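Here it is as structure tokens:
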């Protein structure tokens with residue numbers, strides 16, 4: 001929180017070079033000189049206002065003293081009969097020097113990166129209501145089993161044991177994420193409450209507006225958000241690694257033989273004007289290559305996409 005020195009020379013009378021304190025400040029200083037409190041020094045009435053500033057400076061030095069000394073001075077100040085006058089002086093100085101945060105910034109929108117990570121965690125079943133991802137995992141597993149029943153003999157979608165292991169691993173990631181998120185929220189709440197208690201205690205001596213407190217809370221939460229982002233980023237990476245290991249790798253792709261690839265490439269480049277083989281041509285190519293008609297269709301679809309991308313890239317390089 002900003003530490004405004006309300007009694008620095010910047011608030012002095014520019015013409016005389018001396019402190020121009022309001023009349024009630026002088027009343028507070030005069031009362032403090034007649035008090036028997038050992039926490040404030042006894043200045044000489046014949047001295048200049050600079051000596052009065054020295055008395056006020058002793059109050060500001062509380063933050064640099066030991067806990068016992070600071071507590072003693074705070075108790076003496078809070079019980080002083082002229083404390084309301086001091087508070088009023090600080091209010092007047094704050095209003096006069098425009099330190100009341102009149103131009104408070106508007107509330108910032110949520111961090112787009114955290115929003116993106118939240119959406120990813122919800123989609124994977126790690127975050128969200130019920131704190132469970134079993135429904136999403138079961139849906140993906142069911143899709144894999146259904147696809148496996150229609151797959152060709154050369155494909156492998158994984159066994160039920162692997163699917164069960166995936167769900168168990170995902171549950172572990174979800175549990176770790178929820179535990180760490182609770183620790184983060186607890187630490188952020190404890191630190192915020194600690195700062196609020198300090199501000200409330202300081203507010204007994206110096207004016208602190210509700211907007212200043214709200215601004216400080218927002219600053220704390222913004223500082224803690226980097227920890228939250230790191231936690232969510234690490235969790236997303238763990239889920240992606242798990243997916244690639246169990247779900248994305250459940251179907252082990254088998255490359256075509258060299259002879260089959262040569263036959264397919266020969267047909268493709270000899271029919272560049274219309275690289276869309278008929279059903280009869282697909283059946284003939286499947287017989288020659290020893291693969292299914294469905295695999296022939298997939299190969300030509302992927303080949304056309306790659307060919308168009310390569311042509312577009314070559315044209316861009318030629319125009320540079």
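In the UniProt record's numbering, the protein residues as written are 1 to 320. Yeah, the Cβ is synthetic: ideal placement off N, Cα and C, and Gly gets one too. This one's a predicted model, so the numbers in the text were calculated from it and none came from an experiment.
If you follow the alpha helix (DSSP H) that residue i is in, where does it begin and where does it stop?
i: residue 272; result: Per DSSP, residue 272 belongs to no alpha helix (DSSP H) and is neither H nor E.
i: residue 221; result: 210-246
i: residue 298; result: 293-319
i: residue 113; result: 112-123
i: residue 279; result: 279-289
i: residue 91; result: 83-96
Between residue i and residue j, how many whole angstroms is the CB-CB distance? I'm expecting something under 8 angstroms.
i: residue 303; j: residue 268; result: 6 angstroms
i: residue 184; j: residue 228; result: 6 angstroms
i: residue 337; j: residue 232; result: Coverage of the chain is limited to positions 1 through 320, which leaves residue 337 absent and any answer about it impossible.
i: residue 174; j: residue 126; result: 5 angstroms
Looking at residue j and residue i, is the spacing between their C-beta atoms short of 8 angstroms?
i: residue 282; j: residue 263; result: no
i: residue 207; j: residue 94; result: yes
i: residue 219; j: residue 196; result: no
i: residue 277; j: residue 285; result: yes
i: residue 68; j: residue 225; result: no
i: residue 121; j: residue 169; result: no
i: residue 291; j: residue 260; result: yes
i: residue 239; j: residue 92; result: no
i: residue 188; j: residue 163; result: no
i: residue 217; j: residue 192; result: yes
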